[in-house]
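Engineer:
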DNA sequence: CTGAAAGCGCTTACAG
DNA sequence: CTGAAAGCGCTTACAG
């Protein structure tokens, strides 16, 4: 019988045990000052009815709920890795996790979804929230930690060192002899996108290679956005010998476009991504990328949030995590023939 | 300013707009019967204060919340794939998703966690829930769909055709000439584990190969549980030439143990898993496995739940999804030398 | 068209 | 040690 009647409430328990709901509440929450015999009666009533207190009702009344929230937009490989880190950090912590995902992907409310969901949860349900890659600034009445905040945000946050990571990626290409290096950028309002572009510019500048604006495509981190951009870059007579994409999702699309156009990777074109999502290791060839340890992003964010909620946080409120270049099969020395 | 004071409530809006909370509620929920000028006033107050209604308070009062729940224990690759399917099924559906994960992995309450969380959510917060791989029977006062139910459960559910999948896997090994085929079982209370073992027995029986109880190890789907079992099997003088593990997580551990013991896979030992988690394609050698399309499990479960909630479900309440054998690098013909 | 009042299921001072 | 009552932030008949 999966669908019973109405749920069992605290009043049902109180009635059966012959006590008030106040007393039931005390027993359920293990408060002192209830006689052993009353406890036994209430426990037996709870058992007989299969009662569980309503999370909603309890959190409406209480100040602390011992539930932490995580607000995310879409659910992608990126998010999955982050969640593993968050869960591991919360193991045995006494906090449960509620993840709120909105299904309204392309609906009217897409802008500002994070703020809306955050507010709806944080007033009551949760003691604090992690917000994953919001599109704008966010605020709440309880502590929050943002993974990948927007530029110049003062909110507590955890971010990968995107500048260093991108610099290393482009230096790797320069080291292979590439000089015409295309770049596919991410959503420019995000700090991550901005820093990755900065890294690209910085590495080129330090190598004395002028930035050619024609070699920069404006994507938005959505993999599909990279398709026309990659095509445009690769159809140029002076096409780049390498492309650095600001995310693996977009880099994988560059791989597809190159294949479509009959270009060999890494023979005719080197490709570097950013993120190290699981799919990048499965690509053919395997994608050279910058690992930003999304697991650790999630782990650190949860760790900080926990301490922020309990008022024990001592460390800096903005954490920068190191990245690591993973050289795999999609990059190779530039061919002598195509060298300018 | 990330941490403001107390959250903005409906009373704050009502006060500023000079109306009652009843009226604010009507505007927020788009109910008919409010004058245009009042709507404008309320809207402007909402905007000025940055008000969002509390999910908790609203769902406590309402019957429908337009939020679906998903209850899961740990957060693993398995879960991530399921979630992608769930989210895709819910896109533009008008339902949001709340995922509840408990952090109390090895705590006192581990048994029955699904039922407890389910009850706490389903009375009030959600219109219905998906429960992923519960360890026992579950029930709720609102519709539920179980992914991977326990044996003989009558609850609406979505399951992979574990029997057929396991049969095919073992037939594949038999076809390669293997006769001594070890099996590492999963948590026996789960229908999935039971069916996979049945498939193992069935394939052997049909090939006229007697089942050797000494070749069956009793794991519990936890990858670690496979380590001593694999070791015991492989240390036998008459060790099996192939091992079929009831999950990829366990199969990957078999790979590790074999490597430790200096056995070559697939030269000395063939290994087959079940699930097709992303990691299995990254293993060395890549793992031959049975794909149970966890994405589709999630997709179908969400699809059914949605229709169950709105009362529109017409199909069967127990869905069996096909599986597919993926032959990769971890299986090979049995060596002449080791053939009995 | 609008408001006062009751109530969703709990928890928490306050009395006793 | 226990209960009556208020109240968390909303929504919904019910009046007017």
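Chains as they are written, first to last, in the UniProt record's numbering: chain A, 1 to 340; chain B, 1 to 340.
All C-beta atoms in this analysis are idealised placements derived from N, C-alpha and C, irrespective of residue type, glycine included.
Bear in mind the structure is a predicted one, so any value in this text is a computation, not a measurement.
Between which residues of its own chain and residue 296 of chain B is the CB-CB distance below 7 Å, once the five residues before and five after are set aside?
Structural biologist: Locating residue 296 of chain B in the second chain gives position 296, where the first residue counts as 1. Correct list, in chain order: 85, 321.
Engineer: Might you give, ordered along the chain, the residues of its own chain that have their beta carbon closer than 7 Å to the beta carbon of residue 165 of chain A, omitting 5 neighbours on each side?
Structural biologist: For the purposes of this step, residue 165 of chain A is identified with residue 165 of the first chain, where counting begins at 1. The residues are 199, 274, 290, 292, 323.
Engineer: Under a three-way DSSP split, which group does residue 72 of chain A fall into?
Structural biologist: Stepping through the first chain from its first residue, residue 72 of chain A is reached at position 72. Strand at residue 72 of chain A.
Engineer: Distance, Cα to Cα, residue 317 of chain A vs residue 140 of chain A?
Structural biologist: As a first step, residue 317 of chain A is located in the first chain; it is residue number 317 there, counting from the start. As a first step, residue 140 of chain A is located in the first chain; it is residue number 140 there, counting from the start. About 16 Å.
Engineer: Return yes when the Cβ of residue 88 of chain B is within less than 7 Å of the Cβ of residue 67 of chain B, no when it is not.
Structural biologist: Residue numbering aside, residue 67 of chain B sits at position 67 when the second chain is read from its first letter. Residue numbering aside, residue 88 of chain B sits at position 88 when the second chain is read from its first letter. No, Cβ-Cβ distance for residue 67 of chain B and residue 88 of chain B is not below 7 Å.
Engineer: Run the CB neighbour count on residue 237 of chain B, radius 10 Å, all protein chains shown included, and call it buried at 16 or more, exposed below.
Structural biologist: Working through the second chain from its first residue, we reach residue 237 of chain B at position 237. Exposed, by the Cβ-count rule.
Engineer: In the DSSP output, which residue or residues are listed as bridge partners for residue 273 of chain A?
Structural biologist: In the first chain, residue 273 of chain A corresponds to position 273, counting from 1. Bridge partners of residue 273 of chain A: A/289.
Engineer: Using three-state DSSP, classify residue 27 of chain B as helix, strand or coil.
Structural biologist: As a first step, residue 27 of chain B must be located in the second chain, where it is residue number 27. In this structure, residue 27 of chain B counts as helix in the three-state DSSP scheme.
Engineer: Name the residues in the segment 232–260 of chain B whose C-beta lies less than 9 Å from a C-beta of chain A; which are they?
Structural biologist: The segment 232–260 of chain B vs chain A, Cβ under 9 Å: nothing.
Engineer: Check each candidate in A/180, A/175, A/219 and name the one with the smallest Cα separation from residue 196 of chain A.
Structural biologist: Along the first chain, one-based indexing puts residue 196 of chain A at 196. Comparing Cα-Cα distances from residue 196 of chain A to each of A/180, A/175, A/219, the minimum goes to A/219.
Engineer: Could you pull out every residue in the same chain whose Cβ sits closer than 6 Å to the Cβ of residue 225 of chain B, ignoring the five residues on either side in sequence?
Structural biologist: Taking the first residue of the second chain as 1, we reach residue 225 of chain B at position 225. So the list reads 219, once near-sequence residues are dropped.
Engineer: Which chain B residues are close to residue 87 of chain A, counting only those with a beta carbon under 8 Å from its beta carbon?
Structural biologist: Here residue 87 of chain A corresponds to residue number 87 of the first chain, with the count starting at 1. Near residue 87 of chain A (Cβ distances below 8 Å), the residues of chain B are 74, 75, 101, 103.
Engineer: Could you list the residues in the segment 286–300 of chain A with a C-beta less than 8 Å from some C-beta on chain B, going in chain order?
Structural biologist: The segment 286–300 of chain A vs chain B, Cβ under 8 Å: nothing.
Engineer: Using a Cβ-Cβ cut-off of 6 Å (strictly less than) and excluding sequence neighbours within five positions of residue 168 of chain B, which residues of its own chain qualify?
Structural biologist: Residue mapping note: residue 168 of chain B aligns to position 168 of the second chain, counting from 1. Excluding sequence neighbours, residue 168 of chain B sits near 325.
Engineer: For residue 242 of chain B, which residues does DSSP report across the bridge?
Structural biologist: The residue you call residue 242 of chain B lines up with position 242 of the second chain. Residue 242 of chain B is bridged to B/181, B/270.
Engineer: Is the segment 69–78 of chain B touching the segment 127–136 of chain B in the sense that three or more CB pairs, one from each, lie closer than 8 Å?
Structural biologist: Segments in contact, yes.
Engineer: Using a Cβ cut-off of 9 Å, pull out every chain A residue sitting near residue 225 of chain B, in sequence order please.
Structural biologist: As a first step, residue 225 of chain B is located in the second chain; it is residue number 225 there, counting from the start. Simply none; closest approach about 18 Å.
Engineer: Determine whether the beta carbon atoms of residue 227 of chain B and residue 243 of chain B lie at a separation below 7 Å.
Structural biologist: Stepping through the second chain from its first residue, residue 227 of chain B is reached at position 227. Stepping through the second chain from its first residue, residue 243 of chain B is reached at position 243. No, Cβ-Cβ distance for residue 227 of chain B and residue 243 of chain B is not below 7 Å.
Engineer: Buried or exposed, going by whether 16 or more other CB atoms sit within 10 Å of the CB of residue 306 of chain A?
Structural biologist: Reading the first chain from its first residue, position 306 is the one you call residue 306 of chain A. The residue is buried, with at least 16 neighbouring Cβ atoms inside 10 Å.
Engineer: Using beta carbons (cut-off 7 Å, strictly below), is residue 205 of chain B in contact with chain A?
Structural biologist: On the second chain, position 205 is the one that residue 205 of chain B refers to. For residue 205 of chain B, the answer is no, since every Cβ of chain A falls outside 7 Å of its Cβ.
Engineer: For residue 335 of chain B, which residues in the same chain have their Cβ closer than 8 Å to its Cβ, ignoring the five residues on either side in sequence?
Structural biologist: By 1-based counting over the second chain, the position of residue 335 of chain B is 335. Answer for residue 335 of chain B: 241, 267, 268, listed in chain order.
Engineer: Got a sec: is the Cβ-Cβ distance from residue 168 of chain A to anything in chain B below 7 Å?
Structural biologist: Here the question's residue 168 of chain A lines up with position 168 in the first chain. It does not: the Cβ of residue 168 of chain A has no partner Cβ on chain B nearer than 7 Å.
Engineer: Rounding to the nearest angstrom, what Cα-Cα distance links residue 47 of chain A and residue 279 of chain A in this structure?
Structural biologist: For the purposes of this step, residue 47 of chain A is taken as residue 47 along the first chain, with counting starting at 1. For the purposes of this step, residue 279 of chain A is taken as residue 279 along the first chain, with counting starting at 1. For residue 47 of chain A and residue 279 of chain A, the distance between alpha carbons rounds to 47 Å.
Engineer: Which chain B residues are close to residue 59 of chain A, counting only those with a beta carbon under 9 Å from its beta carbon?
Structural biologist: Stepping through the first chain from its first residue, residue 59 of chain A is reached at position 59. Those are 56, listed as they occur along chain B.
Engineer: What residue from A/184, A/53, A/263, A/181 has the CA that sits closest to residue 116 of chain B's CA?
Structural biologist: As a working mapping, residue 116 of chain B is identified with position 116 in the second chain. Per the Cα distances, A/53.
Engineer: To which residues of the same chain is residue 94 of chain A closer than 8 Å at the C-beta, ignoring the five residues directly before and after it?
Structural biologist: Here the question's residue 94 of chain A lines up with position 94 in the first chain. Here the set comprises 66.
Engineer: Report yes if the C-beta distance between residue 118 of chain A and residue 146 of chain A is below 7 Å; otherwise report no.
Structural biologist: Residue numbering aside, residue 118 of chain A sits at position 118 when the first chain is read from its first letter. Residue numbering aside, residue 146 of chain A sits at position 146 when the first chain is read from its first letter. Their beta carbons are not under 7 Å apart, which means residue 118 of chain A does not touch residue 146 of chain A by this criterion.
Engineer: Closer than 9 Å by beta-carbon distance: list the chain A residues that pair up with residue 64 of chain B, in chain order.
Structural biologist: As a first step, residue 64 of chain B is located in the second chain; it is residue number 64 there, counting from the start. Those do not exist, as residue 64 of chain B stays about 14 Å from chain A at its closest Cβ, beyond 9 Å.
Engineer: How long is the line joining the alpha carbons of residue 55 of chain A and residue 125 of chain B, rounded to whole angstroms?
Structural biologist: Taking the first residue of the first chain as 1, we reach residue 55 of chain A at position 55. Taking the first residue of the second chain as 1, we reach residue 125 of chain B at position 125. Straight-line Cα distance between these residues: approximately 8 Å.
Engineer: DSSP beta-bridge partners for residue 100 of chain A?
Structural biologist: Indexing the first chain from 1 puts residue 100 of chain A at position 100. Answer is A/71, B/98.
Engineer: Mind pulling the chain B residues with CB within less than 7 Å of residue 84 of chain A?
Structural biologist: Here residue 84 of chain A refers to the residue found at position 84 when the first chain is read from its first residue. Ordered by position in chain B, the residues that pass the 7 Å Cβ test against residue 84 of chain A are 75.
Engineer: Residue 286 of chain B: which of B/311, B/270, B/247, B/328 sits nearest, CA to CA?
Structural biologist: Along the second chain, one-based indexing puts residue 286 of chain B at 286. Comparing Cα positions, the closest option is B/328.
Engineer: If you draw a straight line from the alpha carbon of residue 351 of chain A to that of residue 221 of chain A, how long is it in whole angstroms?
Structural biologist: Since the displayed chain A opens at 1 and closes at 340, residue 351 of chain A lies outside it and no answer follows.
Engineer: Pull up the distance between the alpha-carbon of residue 204 of chain A and that of residue 216 of chain A, whole angstroms please.
Structural biologist: The residue you call residue 204 of chain A lines up with position 204 of the first chain. The residue you call residue 216 of chain A lines up with position 216 of the first chain. In a straight line, the C-alpha of residue 204 of chain A is about 13 Å away from that of residue 216 of chain A.
Engineer: Find the residues of chain A that neighbour residue 159 of chain B, judging by a C-beta separation of less than 9 Å, and give them in chain order.
Structural biologist: The residue you call residue 159 of chain B lines up with position 159 of the second chain. Chain A residues near residue 159 of chain B: none, gap ~15 Å exceeds 9 Å.
Engineer: Taking DSSP as the reference, what is the three-state secondary structure of residue 90 of chain A?
Structural biologist: Stepping through the first chain from its first residue, residue 90 of chain A is reached at position 90. The answer is helix: DSSP assigns residue 90 of chain A an H, G or I state.
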